[in-house]
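K.L.:
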Amino acid sequence: VFAPYLYVDSDNKLDINYVIETTGQKYFTYAFMNALNKNGEEIPSWNDDKSRKGYEYNTGKYDREIEDIRNNGGDIIISFGGYGGRELATVINDEDDLYNAYKSVIEYYNLSWIDLDIEGDNVMNEEANEHRNNVMLRLQNDYPNLVITYCLQATYSTGITRDAMKILRHAKDIGLRVDVVNVMAMNYGSRTPNGDSYMGKYAIYTAQKAKEQLEKIGLYDTKIGITPMIGKNDSKGLTFYPENAEEVLEFAKENDWIRLLAFWAINRDNGDGEYAQNVSSKHSSIHQELFEFTTIFEQF
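Start counting the sequence shown at 52; every next residue gets the next number (the working numbering).
#1: Run through DSSP, which three-state label would Phe-314 get?
#2: Please tell me whether Val-234 and Thr-278 are closer than 9 Å, where the distance is taken between their beta carbons.
#3: Quick one: Cα of Asn-288 to Cα of Gln-259, how far?
#4: Please report the Cβ distance between Thr-200 and Leu-311, rounded to the nearest whole angstrom; I am assuming they are in contact, meaning their Cβ atoms lie under 8 Å.
#5: Would you mind giving the Cβ-Cβ distance between Asn-321 and Leu-341, rounded to the nearest angstrom? I have them listed as a contact below 8 Å.
#6: Could you spell out where the beta strand (DSSP E) holding Pro-95 opens and where it closes?
#7: How far does the beta strand (DSSP E) with Thr-80 in it reach, from first residue to last?
#8: Taking the alpha-carbon of Glu-170 as reference, which of Val-59, His-182 and Gly-133 has the nearest alpha-carbon?
#9: Specify the secondary structure class of Lys-101 as computed by DSSP and reduced to three states.
#10: Pairs of beta-carbons, one from the region 184-195 and one from the region 238-245, closer than 8 Å: are there three or more?
#11: Examine the Cβ distances between the region 83-96 and the region 127-144 and report whether three or more of them are shorter than 8 Å.
#12: Spell out a yes or no on whether the region 109-128 and the region 145-165 are touching, meaning 3 or more CB-CB pairs, one atom from each, closer than 8 Å.
#13: Could I get the ranges of all uninterrupted alpha helix (DSSP H) runs contained in the region 98-169, with 4 residues as the minimum, in chain order?
#14: What does DSSP give as the partner residues of Lys-283 in its beta bridges?
#15: Quick check on DSSP: helix, strand or coil for Asn-321?
#16: Compute the Euclidean distance between the alpha carbons of Lys-101 and Asp-60, then round it to the nearest angstrom.
#17: Can you tell me which of the three DSSP states Tyr-194 falls into?
#18: Quick one, which of Asn-68, Leu-219, Ile-347 and Asn-245 has its alpha-carbon nearest Asp-119's?
#19: What residue range does the alpha helix (DSSP H) around Met-250 cover?
#20: For Ser-130, count the other beta carbons within 10 Å of its own beta carbon; 16 or more makes it buried, fewer makes it exposed. Which is it?
#21: In chain order, what residues of the same chain have a beta carbon less than 6 Å from the beta carbon of Ile-337, not counting five sequence neighbours either side?
#22: How many Å lie between Leu-167 and Val-198 at the Cα?
#23: Leaving out the 5 sequence neighbours to the left and right, which residues in its chain are closer than 8 Å to Tyr-271 when beta-carbon positions are compared?
#24: If we ignore side chains and look at the alpha-carbon of each, how far apart do Tyr-150 and Ser-248 end up?
#25: How about Lys-274 and Asp-230: are their beta carbons less than 9 Å apart?
#26: For Gln-204, list the residues DSSP reports as bridge partners.
In structure tokens, the structure reads:
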């Protein structure tokens, strides 16, 4: 499956029907669903306005466009967390309440796939990570066909980070089926050699390293996802070009242990900021055609 991230907080608000008509792409990962504190209660919400007040999950904010996606034969994944996000497990301590929070989103959107994007400080929150895993096990029992993906930080040299591996070890210990580990193939650091030309190879190395790590802890059936950041990365000197996407696509097509391709983010998949010096949520900051990365990856 190819399901690029659609960042609801981007300054570039996409017309989803235009994307579908232009590219034929029908699967998207909506990011992010997090917690909104309202009168002391933590409510799952889209944190998609600059005031960070968010929109509660059941207010109909994206119902119409999600319906349009499904009417066109597609579907969505909802991603919880993200960098700096008030991910549900980090603010809801009671596991029954946490279970009900995730379940309410799954039920409201009739989800078949969820993405848990655990990064930044959240990846080090062991208590929250264990609560989340415990709740995912309960949800897996309730919804045996629900696909659960963990989107985790990783590098081409050492693979999935140590703290992120703790999450996966705990999942294995309690019997949680981890369907996909989606590696963030991006932002390796400003000292990364050949960061302007090797980003395709680095994404492949990251995936290969992650597969080795999963096998070492006994997660033999867990598939791998690859998510690069298209165009300029936040780490200075790192740029992911369309030719890098071609490399990753060919690798993914040749290896059946790759189940998911995505990228950050489809709001940036345009050349509006051609050669811009800064990273933007509106464009890739490189010379490219409109939706060029989408057109490449949708061949997966």
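Each residue gets a CB set at the ideal place from its N, CA and C atoms; glycine is no exception.
P.N.:
According to the structure data:
#1: In the structure shown, Phe-314 falls within a coil segment according to DSSP collapsed to helix, strand and coil.
#2: Cβ distance < 9 Å, so Val-234 and Thr-278 count as in contact.
#3: Note that residue 288 is Gly in the sequence shown, not Asn. Per the coordinates, the alpha-carbon of Gly-288 lies some 23 Å from the alpha-carbon of Gln-259.
#4: About 7 Å separates the two Cβ atoms, so the contact holds.
#5: Rounded to whole angstroms, the Cβ separation of Asn-321 and Leu-341 is 5 Å, and the two are in contact under 8 Å.
#6: Its beta strand (DSSP E) spans residues 92-97.
#7: Per DSSP, Thr-80 belongs to the beta strand (DSSP E) from 78-89.
#8: When Val-59, His-182 and Gly-133 are compared, the shortest CA-CA separation from Glu-170 is found for Gly-133.
#9: For Lys-101, the predicted model reports a pLDDT of 49, less than 50, meaning its position is unreliable; a value from the coordinates is still stated below. It is coil, neither helix nor strand.
#10: Contact between the region 184-195 and the region 238-245 is not established, with fewer than three Cβ pairs separated by less than 8 Å.
#11: Per the Cβ contact rule, the region 83-96 is in contact with the region 127-144 (3 or more Cβ pairs under 8 Å).
#12: Taking a contact to require three or more Cβ pairs closer than 8 Å, the region 109-128 and the region 145-165 qualify as touching.
#13: Counting whole runs of 4 or more residues, the region 98-169 contains the alpha helix (DSSP H) stretches 114-122, 139-142 and 146-160.
#14: Thr-290.
#15: For Asn-321, the three-state secondary structure derived from DSSP is coil.
#16: For Lys-101, the predicted model reports a pLDDT of 49, less than 50, meaning its position is unreliable and no value from the coordinates is stated.
#17: Coil.
#18: Taking only the C-alpha atoms, the option nearest Asp-119 is Asn-68.
#19: Segment 250-267, the alpha helix (DSSP H) holding Met-250.
#20: Answer is buried; the Cβ neighbour count reaches 16.
#21: Excluding sequence positions up to five before and after Ile-337, its CB lies within less than 6 Å of the CB of Gly-282, all in the same chain and listed in chain order.
#22: Looking at the two C-alpha atoms, the distance is approximately 11 Å.
#23: These residues qualify, in order along the chain: Leu-265.
#24: Answer to the nearest angstrom: the Cα atoms are 44 Å apart.
#25: Cβ distance < 9 Å, so Lys-274 and Asp-230 count as in contact.
#26: Under DSSP, Gln-204 shares a beta bridge with Met-235.
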